[in-house]
Amino acid sequence: MYPENAAKQPIAFRLTNASGIDSPCAVLAADENTVTVTGKYDGEVWLRASCNNGYSHPRTISQLCLKVEGMGASVLDPYGFVAGGLCDQSHGELGAGNEHGITFSRDGVSMAGFSNVDFGLAGSDEITLPIFALNGDPYVMEMWLGDPLAGGEKLTDLPYCKPCIWNQYQPETYKLPRRLTGMQQLWFVMRQKVHLGGFHFTRQSRAWQQLSALGADALYGDTFVKTEDGVTGIGNNVSLVFDGMNFGKNNGVKLTITGKTALEKNTIHVQFLTADGEQREMAEFTHAPEWQEQTFILPPVPEKCSVVFIFLPGCAFDFKSFRFEKL
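The opening position of the sequence shown corresponds to residue 332 in our numbering, with each subsequent residue numbered one higher.
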């Protein structure tokens, strides 16, 4: 017999793949009587509903398989936790690990690949891996960009050595040799057996990074040349656009530009562009025949915006890089 308040118990809903791992292919919204599932990427998703009916654990569980089509391949968010079980490519023998993770083979080489990991414009160079090793021996996990057997690039070695806590993952955080941006294919390679719970990257703001002029999201104008050093020979009506800048609340910023100019003074207009309008400041870069850093103090700037460096007629500038710093 159910408890008297069974009908009042809320129903919990989840969207998962067939293995019970939260799926990136759809999102749900639930109210008292209705659940709405909205597709994001192609694939099968399982709508799972559970109710405790007054008990301390689920007593009723139901599921429904839904298929999403015409939305495009699924994308993984590295800033949320990506479970090892979402691995969609492999070489060698992989097994199911604890808590939706994966296990690498005890003998030989085994490899796990994750497609379509979207780091966005800002990117990140810091990864955290929850690992369960069967003993306290030292291990080395290789991290690759692209399939190691099909022209991929080995990014780095990730050493791991901690006393074993049986059946428990222990997180280890690593600084990578460079920042990963845009869409990437991540592979992890092992020659010993360990459990990998998954991975997540530290979210980092693009606004406070040292950015190369060559990394502009848009570059247009009458006169400029892209070289190994930067964008050189900047003349009439040239703009360099950097999207996705998030400065947060600020009391002003310090802008340091690395460049050179034969002019006594080269005026650079710095535009902060939002959906509501623009704010424009000026940086007067003085004569510098060789690469030189010059710093400018700017008033408070919008929290979220695109930054546009504008060079008007009469400019003669070579632009290498820039960075913003908090005041």
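Every residue, glycine too, gets a C-beta built ideally from N, C-alpha and C.
- Run the CB neighbour count on T589, radius 10 Å, all protein chains shown included, and call it buried at 16 or more, exposed below. Within the sequence shown, numbered from 1, the residue matching residue 589 stands at position 258. Counting the other Cβ atoms within 10 Å of the Cβ of T589 gives 16 or more, which makes it buried.
- Query: Distance, Cα to Cα, P334 vs H388?
  - Reply: In the sequence shown, the residue the question calls residue 334 occupies position 3. In the sequence shown, the residue the question calls residue 388 occupies position 57. With a pLDDT of 48 at P334, under the threshold of 50, the modelled position of that residue is not reliable, and the figure given next carries that caveat. Near 13 Å, if we compare the C-alpha coordinates of H388 and P334.
- Message: As a quick exercise: from S543, M576, G575, pick the residue whose alpha carbon is nearest that of V562.
- Response: For this step, residue 562 is matched to residue 231 along the sequence shown. The option with the nearest alpha carbon to V562 is S543.
- Residues of its chain near Q499, where Cβ-Cβ distance is below 7 Å and the 5 sequence neighbours each way are ignored: As a working mapping, residue 499 is identified with position 168 in the sequence shown. Within the same chain, Q499 has close Cβ partners F463.
- Sort out for me which residues DSSP pairs Q625 with in a bridge. As a first step, residue 625 must be located in the sequence shown, where it is residue number 294. Beta-bridge pairing links Q625 to I588.
- Item | Close-in-space but distant-in-sequence residues of the same chain around V376 (CB under 6 Å, 5 per side omitted) | One-based indexing of the sequence shown puts residue 376 at position 45. For V376, the CB contacts under 6 Å within the same chain, skipping 5 residues up- and downstream, are L346, S354, C356, A357, L397 in chain order.
- Query: Who does S436 pair with in a DSSP beta bridge?
  - Reply: Position 105 of the sequence shown, counted from the first residue, corresponds to residue 436. Under DSSP, S436 forms no beta bridge with any residue.
- In terms of residues, what are the limits of the beta strand (DSSP E) holding R379? The count along the sequence shown starts at 1 and reaches residue 379 at position 48. Looking at the DSSP string, the run of the beta strand (DSSP E) that includes R379 is 374-382.
- Assign R509 to buried or exposed, taking buried as 16 or more other Cβ atoms, counted over all protein chains shown, within 10 Å of its Cβ. Taking the sequence shown and counting its residues from 1, the one referred to as residue 509 is at position 178. So R509 counts as exposed.
- Message: Beta-carbon within less than 7 Å of F288's beta-carbon, same chain only, minus the 5 sequence neighbours each way: which residues are those?
- Response: In the structure as shown, the chain starts at 332 and stops at 658, and residue 288 therefore has no counterpart that could be examined.
- What residue ranges within the segment 449-499 form continuous beta strand (DSSP E) runs of no fewer than 3 residues, ordered along the chain? Within the segment 449-499, the runs of beta strand (DSSP E) that reach at least 3 residues and sit entirely inside it are, in chain order, 455-464, 470-476, 484-491.
- Query: Any idea which residues DSSP pairs P502 with across the strands?
  - Reply: The count along the sequence shown starts at 1 and reaches residue 502 at position 171. As DSSP reads the structure, P502 sits in a beta bridge with P461.
- Item | I392 burial status per 10 Å Cβ neighbour count (16 or more: buried) | Counting from 1 along the sequence shown, the entry for residue 392 is found at position 61. Exposed is the call here.
- Whole beta strand (DSSP E) elements within the segment 492-566, 3-residue minimum: Note on the segment 492-566: whole beta strand (DSSP E) runs with a minimum of 3 residues are 501-511, 514-521, 525-527, 529-532, 549-551, 562-565, in chain order.
- Residue from E612, G564, F578, H422 whose Cα sits closest to the Cα of A593: Taking the sequence shown and counting its residues from 1, the one referred to as residue 593 is at position 262. Of the candidates E612, G564, F578, H422, the one whose C-alpha sits nearest the C-alpha of A593 is G564.
- If we call anything under 8 Å between Cβ atoms a contact, is M474 one with F445? Counting from one through the sequence shown, the residue named residue 474 turns up at place 143. Counting from one through the sequence shown, the residue named residue 445 turns up at place 114. Their beta carbons are not under 8 Å apart, which means M474 does not touch F445 by this criterion.
- Item | Length of the line joining the Cα atoms of F627 and R654 | Translated into positions along the sequence shown, residue 627 becomes position 296. Translated into positions along the sequence shown, residue 654 becomes position 323. Straight through space, the alpha carbons of R654 and F627 are spaced by roughly 11 Å.
- Message: H526 and N447 - do their beta-carbons sit closer together than 8 Å?
- Response: The residue you call residue 447 lines up with position 116 of the sequence shown. The residue you call residue 526 lines up with position 195 of the sequence shown. It is not a contact, given that the beta carbons lie outside the stated cut-off.
- Item | First and last residue of the uninterrupted beta strand (DSSP E) at M576 | Here residue 576 refers to the residue found at position 245 of the sequence shown. For M576, the enclosing beta strand (DSSP E) stretches over residues 569-577.
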